[in-house]
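Engineer: Numbering (the working numbering), first residue to last: 75 to 397.
Let me begin by handing over the structure; questions about it come next.
Structure representation (structure tokens):
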């Protein structure tokens, strides 16, 4: 009798063990399936920057203001520059005067320093006997390294920066900001247009200009007046042959790249202008693009950075959609 009872009890234990094992296997299988499905679901939810742009509303884009747009005409093609009068009003006003009076026509790109800048203007500008007349442009301007933050629509990036307490964008331009001083300034990113100067901080007038063509030289921030940025045509400047001089100046004038003309777009007949739209940096589309770049989750990226550098944020430009 005891043996029979023991046998029945053992059978019940065996049944219970089998059930527990089955439940454990089912739990493990479910966990494995979930682990397999989670990346798929995450990738399915992730939209690439291009997908975000492709589905963006028309309101997320703006048109270049012709009176704030310069066309730099080279033999290789047109470079399009957006000026920043909200940060450097006196320099931009002088640049408008110089462009209107055709100052740069027939001058050249006379410097191309590897991983740094190309510079253009009058290569004889420092020699009074040879320098081209500035016409009615001003010959002295104050430095415009930074401005008061008040009144600016600052779109802050969430990540830290080594050059400024805060960084972000204002009207499409990358900027640094310091809430302690109440100042904001344009940052030296790839494509930045600055006004060359001598040692004195107020020695720039906008006649000699440079474009950053290398690693972002942020050490120049708040040391030189920034007047704008290239929005299209950087490929024409970045391939300019490097000058043999250590600072990239061409020793032989024949090496210089001639400037056909520099014009304000507002002074170019409408049919000859280049229609462009720029993504608004105050739009939700832009914020979504930034987040997609901060946390890449496509098939290639295995470890999203969760961080983006100010000068690595894309600033999309497009031709107006047909229709």
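From the three backbone atoms N, C-alpha and C, an ideal C-beta is built for every residue, glycine too.
Would residue 387 and residue 364 qualify as a contact pair, given that the criterion is a beta-carbon distance under 8 Å?
Structural biologist: Residue 387 is a Cβ neighbour of residue 364, given a cutoff of 8 Å.
Engineer: Measuring CB to CB, does residue 138 end up less than 8 Å from residue 156?
Structural biologist: Yes, Cβ-Cβ distance for residue 138 and residue 156 is below 8 Å.
Engineer: Let me know the beta strand (DSSP E) ranges lying completely inside the segment 231-281, each 3 residues or longer, listed in chain order.
Structural biologist: The beta strand (DSSP E) runs of length 3 or more contained entirely in the segment 231-281 are, from start to end of the chain, 240-244, 247-252, 257-260 and 266-269.
Engineer: Determine the burial state of residue 107: buried for a count of at least 16 other Cβ atoms within 10 Å of its Cβ, exposed for fewer.
Structural biologist: Interpretation of residue 107 is limited by its pLDDT of 46, a score under 50 that renders its predicted location unreliable; the figure taken from the coordinates is listed afterwards. Its Cβ having fewer than 16 others within 10 Å, residue 107 is exposed.
Engineer: Between residue 295 and chain D, is there a C-beta pair that is closer than 8 Å?
Structural biologist: In the displayed structure, chain D is absent; only one protein chain is listed.
Engineer: Hey, which unbroken runs of the beta strand (DSSP E) at 3 residues or more fall wholly within the segment 190-218?
Structural biologist: 191-195
Engineer: With a cut-off of 8 Å, do at least 3 Cβ pairs link the segment 135-155 to the segment 333-353?
Structural biologist: yes
Engineer: According to DSSP, what are the bridge partners of residue 151?
Structural biologist: 148
Engineer: Figure out for me which residue from 225, 199 and 226 has the closest Cα to the Cα of residue 213.
Structural biologist: Of the candidates 225, 199 and 226, the one whose C-alpha sits nearest the C-alpha of residue 213 is 199.
Engineer: Going by C-alpha to C-alpha distance, which of 304, 245, 252 and 244 sits closest to residue 398?
Structural biologist: With the chain covering only 75 through 397, there is no way to say anything about residue 398.
Engineer: From residue 171 to residue 230, what does the alpha carbon distance come to, in whole angstroms?
Structural biologist: 34 Å
Engineer: Name the two residues that bound the continuous beta strand (DSSP E) containing residue 305.
Structural biologist: 300-306
Engineer: Between which two residues does the beta strand (DSSP E) carrying residue 331 extend?
Structural biologist: Here the beta strand (DSSP E) through residue 331 covers 331-338.
Engineer: Are the Cβ atoms of residue 360 and residue 185 separated by less than 8 Å?
Structural biologist: no
Engineer: Would you kindly report the start and end of the unbroken beta strand (DSSP E) that includes residue 172?
Structural biologist: Premise fails: residue 172 lies in the alpha helix (DSSP H), 163-174, not in any beta strand (DSSP E).
Engineer: Specify, as a first and last residue, the run of the alpha helix (DSSP H) that residue 368 falls within.
Structural biologist: Segment 358-368, the alpha helix (DSSP H) holding residue 368.
Engineer: Using the Cα positions of residue 395 and residue 271, report the straight-line distance between them to the nearest angstrom.
Structural biologist: Those two C-alpha atoms are separated by around 41 Å.
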